[in-house]
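The structure appears below as structure tokens.
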Amino acid sequence: MMINSKSFRYFFLAFVLVTVSTFSTAQNFEKVKIETIKIADGIYMLIGSGGNIGVSAGEDGILLVDTQFSELMEKIKSAIAEISKGPIRIVLNTNWHYDHAYGNEPLGKSGALIMAHENSRMRMTSEQRYPDFNMNMPAFPKKALPVVTFKDSLTLHFNGEEIKVIHIENAHSDADIVIHFPKANVIHTGDLYFSILYPYIDVSHGGSIDGMIAAAERTMGMIDENTKIIPGHGPLSNLEELKKYRDMLVTVRDRIKSQIKEGKTFEEILASKPTADFDKAKAQAIPPEMFVKIIYNDLAKK
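Each residue of the sequence shown is one higher than the one before, starting from 251 at the first, in the working numbering.
Have a look at this one:
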């Protein structure tokens, strides 16, 4: 059984690292509607196309977690205006991938302060090569770049919250952050957590399955059963669902790892269907075959 390269490439282009030239057409974005979900007082989640957006709204203005695409920014601003008339002052990028950060440019031009992990800015300033797909991704426009970067963590005092921004290394990539709102009991995980999907792990840019498991466990240690989790993709979630996600990652990793140790080929491992008991519970934006391939490639090189 061979992986469907066409669906693999489609997902990569349309869901994870979409380029303006291949995806960002007016026709595509005209169909997108921005859904607003109130999570707690002053905290909202916006669902559109790309990574879920987090919003903190209050007396200090608006803080956004991720920005989706510039072509959607007027729709995003309209949704935010229904929440608050305050200015968008701060933008946090959970990672540098296009579906999370390509809306930065219009906000940067209007004066918003863009922040991200230092590796995000580094990736965004130059063309990035994806050997698995024989693709190059272009650098971001200058006004889309983070102007504040950090290595490990930072704290923002904004809208009555002591917002914790924490780097989680070598998980989905080498540049991911989580944003924790302790007072509201809300956390935005970015692509460290896909709530109803198999996650994309960007191995070519520092990601790993072991890192994803460690990220889930670290996040679990920061929250409780009442915490609302904004995932990178998928619906609003909670601790119980995050635990199930962690368990799925561990199970699939261990199944693939044991077969690699036995000397089995990728084709033999894929034929064993190591994700079979999870497939029905996962939406198919990323096919199980792709998920297995990503984990195999990561573990086989170790």
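Note that the Cβ used here is the ideal one computed from N, Cα and C, for glycine as well.
Small disclaimer: the values here were computed from a predicted structure and weren't measured.
Go ahead and pull the three-state DSSP assignment for residue i.
i, result
"V500", "helix"
"H347", "coil"
"N278", "helix"
"V453", "helix"
"L492", "helix"
"V542", "helix"
"G311", "strand"
"D527", "helix"
"E512", "coil"
"I519", "helix"
"N386", "strand"
"I297", "strand"
"A425", "coil"
"S334", "coil"
"S328", "helix"
"D548", "helix"
"A290", "strand"
"I506", "helix"
Rounded to a whole number of angstroms, what is the C-alpha to C-alpha distance between residue i and residue j?
i, j, result
"P356", "A362", "9 angstroms"
"H557", "H430", "In the structure as shown, the chain begins at 251 and stops at 552. Residue 557 is therefore absent and cannot be evaluated."
"F319", "A329", "14 angstroms"
"S274", "E512", "With a pLDDT of 41 at S274, under the threshold of 50, the modelled position of this residue cannot be trusted; read the value that follows with caution. Between S274 and E512, the C-alpha separation is close to 45 angstroms."
"F279", "K514", "44 angstroms"
"K501", "G484", "It is Thr, not Lys, that sits at residue 501 in the sequence shown. Straight-line Cα distance between these residues: approximately 21 angstroms."
"I446", "P481", "9 angstroms"
"H350", "D316", "5 angstroms"
"M540", "I293", "34 angstroms"
"G311", "A331", "11 angstroms"
"L314", "H438", "11 angstroms"
"K283", "N302", "13 angstroms"
"V398", "V415", "13 angstroms"
"G304", "R505", "35 angstroms"
"S458", "D452", "7 angstroms"
"I340", "S360", "11 angstroms"
"Y443", "A464", "12 angstroms"
"H455", "A466", "19 angstroms"
With a threshold of 16 other CB atoms inside 10 Å of the CB of residue i, please say whether the residue is buried or exposed.
i, result
"M472", "exposed"
"K543", "buried"
"S403", "exposed"
"R371", "buried"
"S508", "exposed"
"N369", "buried"
"E285", "exposed"
"A550", "exposed"
"N476", "exposed"
"A276", "Any answer about A276 is weak, because its pLDDT of 47 lies below 50 and its placement is not dependable; what the coordinates show is given next. Exposed, since its Cβ has fewer than 16 Cβ neighbours within 10 Å."
"H407", "exposed"
"P537", "buried"
"E321", "buried"
"N384", "exposed"
"G410", "exposed"
"T469", "buried"
"R379", "exposed"
"D497", "exposed"
"A394", "buried"
"S299", "buried"
"K530", "exposed"
Could you give the residue range of the beta strand (DSSP E) that holds residue i?
i, result
"E411", "411-418"
"K433", "Where K433 is concerned, there is no enclosing beta strand (DSSP E), given that its DSSP letter is neither H nor E."
"A465", "Where A465 is concerned, there is no enclosing beta strand (DSSP E), although the alpha helix (DSSP H) it sits in stretches over 459-470."
"K283", "Careful: K283 lies outside any beta strand (DSSP E) and carries neither H nor E."
"I559", "Lying outside 251 to 552, the shown extent of the chain, residue 559 is not represented and no answer is given."
"L404", "403-408"
"Y380", "378-380"
"F319", "No beta strand (DSSP E) contains F319, which DSSP labels as neither H nor E."
"V398", "398-400"
At which residues does the alpha helix (DSSP H) containing residue i begin and terminate?
i, result
"P481", "Here P481 belongs to no alpha helix (DSSP H); instead the beta strand (DSSP E) covers 478-483."
"L357", "354-359"
"K532", "Here K532 belongs to no alpha helix (DSSP H), and DSSP marks it neither H nor E."
"S370", "368-374"
Any Cβ of chain D within less than 8 angstroms of the Cβ of residue i?
i, result
"G301", "Going by chain labels, chain D is absent from the structure shown, which holds only one protein chain."
Query - Three or more C-beta pairs below 8 angstroms linking the stretch 418-436 and the stretch 375-391 - result: As far as the Cβ criterion goes, the stretch 418-436 does not touch the stretch 375-391, which means the pair count is below three.
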